[in-house]
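Visitor:
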Amino acid sequence: MSQTHASPPGPAEASTVPDPNAMADDLFAVGGAVPFDRTSPEQENVFHTYTGNAIPWIIRGIWIAFWCFAITYFVVFLLPALQHELLTPP
Numbered sequence: 001m002s003q004t005h006a007s008p009p010g011p012a013e014a015s016t017v018p019d020p021n022a023m024a025d026d027l028f029a030v031g032g033a034v035p036f037d038r039t040s041p042e043q044e045n046v047f048h049t050y051t052g053n054a055i056p057w058i059i060r061g062i063w064i065a066f067w068c069f070a071i072t073y074f075v076v077f078l079l080p081a082l083q084h085e086l087l088t089p090p
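Written out as structure tokens, the structure reads:
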């Protein structure tokens, strides 16, 4: 199997970065360097996609069931047992 390799283009003359491809790995250099020093935040934000903490509904349901059980156990069993242990002398 042969692998083709294209070297990234050289630095731009107007760039403030000496060589934007100096640390570019062969696997990650896909078509040229992005001139980060000459782009606006709006231009760079085109390729950013952010997702929140989206978890599946079943996991959320498991957590809700766990907390309902924990609170119920605490109120029904643990508080009366602690009161009995703390208020009655040995």
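Per the UniProt record's numbering, the very first residue in the sequence shown carries number 1; after that it's consecutive. Glycine is no exception: its CB is placed at the ideal position from the N, C-alpha and C atoms.
Under the three-state reduction of DSSP, which class applies to A29: helix, strand or coil?
Guide: Translated into positions along the sequence shown, residue 29 becomes position 29. Below a pLDDT of 50, predicted positions are generally treated as unreliable, and A29, at 46, falls in that range; the measurement from the model is reported next regardless. In the structure shown, A29 sits in coil (DSSP, three-state: anything other than H, G, I, E or B).
Visitor: Distance check for I64 and I55, CA to CA, integer angstroms please.
Guide: Start at 1 with the first residue of the sequence shown, and residue 55 comes out as number 55. Start at 1 with the first residue of the sequence shown, and residue 64 comes out as number 64. Cα to Cα, I55 sits roughly 13 angstroms from I64.
Visitor: What number of angstroms, rounded off, separates the C-alpha of L82 from the C-alpha of F74?
Guide: For the purposes of this step, residue 82 is taken as residue 82 along the sequence shown, with counting starting at 1. For the purposes of this step, residue 74 is taken as residue 74 along the sequence shown, with counting starting at 1. When rounded, the distance between both Cα atoms is 10 angstroms.
Visitor: Let's see if you can read the secondary structure: which residues bound the alpha helix (DSSP H) around H84?
Guide: Counting from one through the sequence shown, the residue named residue 84 turns up at place 84. Counting along the chain, the alpha helix (DSSP H) containing H84 begins and ends at 79 to 87.
Visitor: Which value, in whole angstroms, describes the spacing of the CA atoms of F47 and R38?
Guide: Sequence index remark: in the sequence shown, residue 47 carries index 47 (1-based). Sequence index remark: in the sequence shown, residue 38 carries index 38 (1-based). Between F47 and R38, the C-alpha separation is close to 16 angstroms.
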